[in-house]
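Position 53 of the sequence shown, counted from 1, bears residue number 54 in the numbering used here, the numbering being contiguous throughout.
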Amino acid sequence: EGSYDLVILDIMLPGMNGYRVCAALRAAGHDVPILMLTAKDGEYDEAEGLDTGADDYLTKPFSYVVLVARVKALLRRGGQGTGASPVHVLGDLKVDTAARRVFLGEDEVTLTAKEFAVLEQLVTRAGEVVSKTEILDHVWDFAYEGDPNIVEVYISTLRRKLRAGLIRTVRGAGYRLEKER
Numbered sequence: 002e003g004s005y006d007l008v009i010l011d012i013m014l015p016g017m018n019g020y021r022v023c024a025a026l027r028a029a030g031h032d033v034p035i036l037m038l039t040a041k042d043g044e045y046d047e048a049e050g051l052d053t054g055a056d057d058y059l060t061k062p063f064s065y066v067v068l069v070a071r072v073k074a075l076l077r078r079g080g081q082g083t084g085a086s087p088v089h090v091l092g093d094l095k096v097d098t099a100a101r102r103v104f105l106g107e108d109e110v111t112l113t114a115k116e117f118a119v120l121e122q123l124v125t126r127a128g129e130v131v132s133k134t135e136i137l138d139h140v141w142d143f144a145y146e147g148d149p150n151i152v153e154v155y156i157s158t159l160r161r162k163l164r165a166g167l168i169r170t171v172r173g174a175g176y177r178l179e180k181e182r
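So this is what it looks like as structure tokens:
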């Protein structure tokens, strides 16, 4: 029941091994990204995992930095197969998340990787309030220990590069991307 953005699957499960779970998901037509996370580090184990339908394979022990990076990469790729358009249009703002390009009217706006990631978090939830913490977690991940006001700096830069009225501050709650009135 329900749908998932990503499955992290161990091979050694009670009752049914992860290879069979992965094969069953694929046979049932599920295209959710699958990351196999396991202690089995042989090349044949990895090949079997990928052959049964896993999108990535990570062996224990692993670095959390690498795990987070692989999850983000799978989520980026996984979002393209769900039928959701990678192009978001709000008035004359067009954000292509697959090509990582931004247009304001006919003009392309150049953004840094972090600026784009902040905008992407806002545009995929256009009209909703996105908290500073959610932006920090999405862009800098859970390991970030710097000043959380970095989000305000990036919001300010985006307002300058796009238009001030596109990103609204919702006091005590976060930010909302909306069309200008």
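Where a beta carbon is used, it is the ideal one built from N, C-alpha and C, also for glycine.
By the Cβ-count criterion, Met13 is exposed, with fewer than 16 other Cβ atoms from all chains shown falling within 10 Å of its own Cβ. Taking 3 residues as the minimum length, the beta strand (DSSP E) runs contained wholly in the segment 16 to 95 are 35 to 39, 57 to 60, 88 to 91, in order along the chain. Here Ile12 carries a coil assignment [DSSP, helix/strand/coil]. Annotation: Glu129 is outside any alpha helix (DSSP H) and is labelled neither H nor E by DSSP. Measuring C-alpha to C-alpha distances from Val90 to each of Leu76, Val69, Gly106 identifies Gly106 as the nearest. Note on geometry: alpha-carbon atoms of Glu135 and Leu163 lie some 21 Å from one another.
Annotation: Thr158 is outside any beta strand (DSSP E); the continuous alpha helix (DSSP H) that includes it extends over 151 to 162.
When DSSP states are grouped into helix, strand and coil, Leu7 belongs to the coil group. Scanning its chain for C-beta atoms nearer than 7 Å, with the 5 sequence neighbours on each side dropped, one finds around Glu116 the residues Tyr155, Thr158, Leu159, in chain order. Annotation: Gly19 to Thr60 spans about 14 Å, alpha carbon to alpha carbon. In the DSSP secondary-structure assignment, Gly173 is not bridged to any residue.
For Arg101, there is no enclosing beta strand (DSSP E), as DSSP marks it with neither H nor E.
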